[in-house]
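Student: Here it is, the structure in full.
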Amino acid sequence: MNRSPPGNRSPTGGGTRRWGWGRVPEQQDRARIGTAPERREEQRPLLASRLTPTVPPEPVVARPRLLRRLDEGAAGPVTLVAAPAGWGKTTLLASWVRLIEPGTTSSPAWVSVEAGDDGDRLWAYLAAALRTATGAADDDLVTPLPTGPPRPDQLELLAAGLAAAEQPVLLVLDDLHRITDPAALTGLEFLLRHSEQRLHLVVGARAGLPLALHRLRLAGELTEIGPDELAFTDDEVADLLTAHGAPLPAAAVRRLRERTGGWPAPLRIAALALRGQPDPERWVGQFGGDQPEMAGYLHEEVLAAIDPADRDLLRRTALAETVCADLAEALTGRADAGQALADLAGAGGLLHPEGTRPPWYRCDPLLADLLRAELARLPADELRELHVRAADWYAGAGRPVDGLRHALAAGRWDLAGDLFVAHWPELTRYDSEAASGTPPSSPPPEVVHADPEVALACAAERAYAGDLPAAAGHLRTAAGHADALPVPRRDRFLRLATALELTVARLAGDLPQARAAAARLLRTRPTDGPPARPPERHAAGPPDGQAVRGRERPSDADDADLRAFTGTALGLVELSAGALPDARFVRARAAAREAGRPRTELVGASRSALLLAVRGDLRAAEVAARDALGMPPCRGWSCRLDCGYAYLALAVVALHRDQPEEAAANLALAAPATGAVGPAGAVVAGASAEPVGAGGLAEAGSSAGSGPRGEPVAAAVFALCRARLDRDAGDPAAAQRLLARAREALPDGPAAAELSSLLRAAEVEARAERGDLDSARDLLATAGAATPALDVALARVELRAGDLGAAGRALPDWQPPSAAAWPLPVRLDAGLLEAVLAERAGDGRRAGRVLEQVLDLAGPQGCRLAFTRAQPSVRDLLAAHLDAGTAHFSLVSDLVRGVEESAPRSAVESGGLLDEPLTERELTILRYLQSILSNVEIAAELSLSVNTVKTHVRNIYRKLGATRRREAVRRARELRLI
């Protein structure tokens with residue numbers, strides 16, 4: 022903290038006398054009083070341990086990022102370190118206070134607040150702490166330090182003394198939440214307001230402080246450090262484990278941090294326990310809140326302080342991964358469940374808001390482990406009743422996945438069958454986050470014999486959880502009872518079983534089996550008449566079993582489901598093979614919307630958005646991406662992967678529109694789709710699928726191991742975007758390395774050929790940009806079959822080498838109807854190259870005609886990158902095209918400026934070459950002078966008077982030293998103003 026100027030002096034020029042912490046004018050009361058006399062007899066002894074920082078437990082992990090936050094916060098009036106028990110608040114504050122350099126402030130005053138402290142006791146310790154901090158003895162004091170809540174006159178004297186202090190006073194109050202009487206803290210608030218920022222307060226507390234925090238926030242006088250910042254990072258967890266002599270590999274460290282949420286106390290407990298473990302990595306994999314060492318801590322430090330009714334609410338709602346007010350009310354019967362959840366999330370910090378509206382909450386993972394262990398010890402009837410309540414609520418809320426799981430856990434086989442038949446298209450996993458929890462019990466044989474679709478429901482639940490061997494087992498069990506079903510119910514059964522087979526094949530990444538299952542599934546579509554729009558599916562209550570299960574023949578409503586389901590499944594399998602099936606996802610999305618299946622629609626919208634962006638249909642891609650991001654969350658499924666695809670699509674759109682900052686921002690948000698994430702579903706090693714028919718159902722491998730395959734198309738598109746940004750930033754070497762890695766990571770096979778050629782063409786460009794034309798040609802020579810993207814890349818290389826003839830021969834014909842299937846950026850590059858070659862051959866008329874055709878293609882989609890980041894000769898072509906006349910005047914004018922803005926020097930800087938720079942309005946009018954518009958028309962375009970435009974034009978001529986319009990435009994282009 023900064024040193025402050027010496028204390029104030031009396032305005033009369035008199036001397037000063039020592040006060041408890043600074044100087045006050047001599048005319049103040051000269052009575053020497055150490056403590057208030059009326060309280061001296063009642064004063065109880067003070068514990069020195071409460072006036073000194075707590076000694077942190079060894080070993081202490083250095084956390085410089087938090088120490089810096091405290092340094093920054095302590096420069097202001099109040100710093101609040103607030104978190105539940107065990108988040109390292111006291112350890113952090115004690116470590117920080119011990120590191121404060123002498124001379125930067127008065128000795129920090131420390132007070133540990135204990136349970137039962139009232140205002141008298143708090144102020145007794147505050148007086149002692151301030152006396153110690155300022156180094157003043159009782160004999161030096163000229164005014165009392167109150168040992169109880171001070172009176173208003175005493176507060177004014179205290180504030181005046183602090184304001185006159187030579188150095189600011191730093192007061193640290195640990196565990197201040199133990200003071201429950203707001204009156205005990207009003208004196209502190211007064212001192213903060215009136216001590217002229219000479220008192221700096223640092224508070225450690227859990228929650229529920231009776232301080233005016235809202236006022237401090239609004240005034241910008243509050244620095245807050247909460248659980249999100251106190252949570253250990255991976256590096257800090259590794260440091261903690263190493264300090265305890267229990268180092269772990271990076272993957273195990275990450276797993277431990279995820280299991281604990283970075284909670285410091287559980288991490289320290291785990292570090293102590295790990296030292297005696299023969300297999301530490303396995304122990305970390307099994308670490309949970311229900312283990313004895315953790316359960317004891319959670320009981321004593323967390324749950325013991327919670328009201329029994331709230332503890333019961335936590336236990337009952339632990340049945341669900343996330344909970345909202347309505348679900349909590351259904352599970353507990355409490356009308357105030359919503360308020361209780363908000364209190365537990367706010368004051369207790371035991372629940373974490375999901376950031377949705379209405380609010381949903383998630384329990385800390387370790388605490389959830391303990392609560393579920395307690396839940397499992399409930400009587401079987403009571404636990405079953407909770408599952409029934411949850412199943413009914415989820416079914417009525419339009420969350421069939423959760424409803425199915427709880428229906429099976431409750432043994433509500435009829436509800437489970439109804440949910441499966443009514444919602445089978447939505448009961449498939451499309452993201453990479455594996456489901457957790459104990460598998461539900463299998464239905465009794467007599468139930469399966471009477472209703473084999475219940476076994477299909479069990480298979481769907483297990484497939485959703487990623488347990489493909491168990492799903493295959495349920496499918497075989499169901500198949501054993503299929504022959505006893507009457508026709509046409511048997512047809513419906515086989516249709517649903519085939520859909521499950523398709524799901525298993527997709528999750529296993531088996532493209533041939535998926536195609537075969539999809540073909541059989543589509544053969545069950547109704548053939549009489551076009552598909553009709555299905556009836557609305559309301560979420561007001563659970564499905565009507567008679568209505569849903571009674572429909573045995575495929576209807577027009579089922580047709581949309583079949584088209585959406587099969588299209589999405591096949592699209593995902595093709596996508597995992599490196600293909601670009603944009604049309605398939607577009608059709609699947611339309612069918613999902615027709616069928617009223619939001620989960621399937623989200624998959625189609627997000628994937629089609631990315632693939633359309635790669636194709637160059639930027640408008641449709643942007644609409645689809647924003648539709649995907651705008652779909653309501655909290656429907657029981659994760660949206661992280663889908664949103665990642667949508668953000669990546671927006672990054673591609675922004676890149677081609679020459680918006681690099683927006684592209685980079687969206688790339689950062691696309692991490693779930695481009696990082697090391699799993700496929701659109703869990704992948705079980707060794708899983709396979711066999712057709713549904715007379716011979717049997719899907720067979721899955723006995724191995725339960727699974728591993729993520731990643732998202733190869735998303736990773737490749739990310740590499741293309743990032744490499745382009747690197748090239749534009751002047752680092753083609755980084756772009757080349759990134760593209761080479763992405764190309765090597767693509768799956769082998771013809772499906773990925775188109776994407777591989779785009780990556781190879783971009784890498785060729787990066788090599789050529791570095792001047793390595795020979796290696797660029799070598800890379801093209803090893804490409805195998807030629808593609809439009811590779812041909813354009815070769816033409817660019819030859820143009821760089823100065824061989825116009827070779828460039829012309831390599832350039833593909835981009836104008837025939839068949840070229841409409843090319844990605845639009847490839848067509849634009851080919852067209853611009855043809856225009857450049859025509860110009861260099863002296864055929865300016867043909868160059869202008871070709872350029873106008875390229876603009877016809879680029880204009881509707883807003884493509885700018887092909888022009889603004891092209892070779893320098895493109896700018897001259899565009900500028901000449903303005904003079905010759907174009908139907909795209911506004912676009913070309915913007916592109917000319919965009920080409921210049923991509924250069925190191927901007928127009929404003931170029932304007933500095935003029936003796937008198939042009940104003941913004943003059944620059945705007947100067948750009949219009951390039952056109953054929955008259956002054957009257959320019960005035961109309963800008964909503965100005967003609968005389969105003971004429972005045973600006975005269976000023977432009979004068980500043981540019983021109984006498985005519987064409988001369989002014991030529992001079993402005995020389996100066997790079999337009």
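So for the sequence shown, our numbering puts the first residue at 22; every next one is plus one. Note that CB positions come from ideal geometry on N, CA and C, so glycine has one too. Just so you know, these numbers come straight off a predicted model, no measurement behind them.
#1: Just how far apart, CA to CA, sit residue 121 and residue 370?
#2: Which term fits residue 408, buried or exposed, when burial requires 16 or more other beta carbons within 10 angstroms of its beta carbon?
#3: Excluding the five sequence neighbours on either side, which residues of its own chain have a C-beta within less than 7 Å of the C-beta of residue 374, listed in chain order?
#4: Going by CA-CA distance only, name the one from 185, 192, 134, 149 that's closest to residue 98.
#5: Given that a residue counts as buried once 16 or more other Cβ atoms are within 10 Å of its Cβ, and exposed if not, what is residue 296?
#6: Give me whichever residues DSSP pairs with residue 382 in a beta bridge.
#7: On the DSSP bridge assignment, give the partners of residue 195 in chain order.
#8: Find out if the Cβ-Cβ distance for the pair residue 361, residue 333 is shorter than 8 Å.
#9: Alpha carbon to alpha carbon, how far is residue 662 from residue 953? Give it in angstroms, no decimals.
#10: Using the C-alpha atoms, what's the distance from residue 350 back to residue 282?
#11: With C-beta atoms as the reference, is residue 684 less than 8 Å away from residue 746?
#12: Tell me where the alpha helix (DSSP H) around residue 245 begins and ends.
#13: Runs of 4 residues minimum, wholly inside the region 853-915: which ones carry the alpha helix (DSSP H) assignment?
#14: Output the distance between the C-alpha atoms of residue 159 and residue 136, rounded to the nearest integer angstrom.
#15: Bridge partners for residue 99 per DSSP, in chain order?
#16: Is it the case that the region 411-423 contacts the region 381-398, given that we only count it when at least three CB pairs across the two stretches are under 8 Å?
#17: Following the continuous alpha helix (DSSP H) through residue 742, name the residue where it begins and the one where it ends.
#18: Does DSSP classify residue 508 as helix, strand or coil?
#19: Using a Cβ-Cβ cut-off of 6 Å (strictly less than) and excluding sequence neighbours within five positions of residue 128, which residues of its own chain qualify?
#20: So, is residue 449 buried or exposed, given that buried needs 16 or more other C-beta atoms within 10 angstroms?
#21: Look up residue 190 in the DSSP assignment and say whether it is helix, strand or coil.
#22: Between residue 108 and residue 285, how many whole angstroms is the CB-CB distance? I'm expecting something under 8 Å.
#23: Keeping to the same chain, check which residues put their C-beta closer than 8 Å to that of residue 858; ignore five residues upstream and five downstream.
#24: Start and end of the alpha helix (DSSP H) containing residue 994?
#25: How far does the alpha helix (DSSP H) with residue 408 in it reach, from first residue to last?
#26: To the nearest angstrom, how far is it from the Cα of residue 481 to the Cα of residue 490?
#27: Compare the C-alpha of residue 616 against each of 753, 201, 761, 582 and name the closest.
#28: Which residues in the same chain have their Cβ closer than 6 Å to the Cβ of residue 646, if we skip the five residues on either side of it in sequence?
#29: I'd like to know whether the C-beta atoms of residue 788 and residue 836 end up nearer to each other than 8 Å.
#30: In chain order, what residues of the same chain have a beta carbon less than 7 Å from the beta carbon of residue 139, not counting five sequence neighbours either side?
#31: State buried or exposed for residue 882, treating a residue as buried only when at least 16 other CB atoms are found within 10 Å of its CB.
#32: According to the neighbour-count rule (16 or more other Cβ atoms, all chains shown, within 10 Å of its Cβ), is residue 995 buried or exposed?
#33: Answer with buried or exposed for residue 732, where buried requires no fewer than 16 other C-beta atoms within 10 angstroms of its C-beta.
#34: Is the region 845-864 close to the region 607-623, with three or more CB pairs under 8 Å?
#35: Go ahead and pull the three-state DSSP assignment for residue 311.
#36: Would you identify the three-state DSSP class for residue 660, choosing helix, strand or coil?
Tutor: So, from the listed chains and residues:
#1: 30 Å
#2: buried
#3: 366, 380, 382
#4: 192
#5: exposed
#6: 344, 374
#7: 133, 225
#8: no
#9: 50 Å
#10: 27 Å
#11: yes
#12: Premise fails: residue 245 lies in the beta strand (DSSP E), 243-246, not in any alpha helix (DSSP H).
#13: 865-879, 886-889, 894-905
#14: Here residue 159 scores only 47 on pLDDT, less than 50, and its place in the model should not be relied on; the value that follows carries that caveat. For residue 159 and residue 136, the distance between alpha carbons rounds to 28 Å.
#15: 222, 243
#16: no
#17: 733-749
#18: coil
#19: 154
#20: buried
#21: strand
#22: 6 Å
#23: 820, 825, 828, 829, 832
#24: 986-995
#25: 401-417
#26: 12 Å
#27: 582
#28: 630, 667, 670, 671
#29: no
#30: 202, 205
#31: buried
#32: exposed
#33: buried
#34: no
#35: coil
#36: coil
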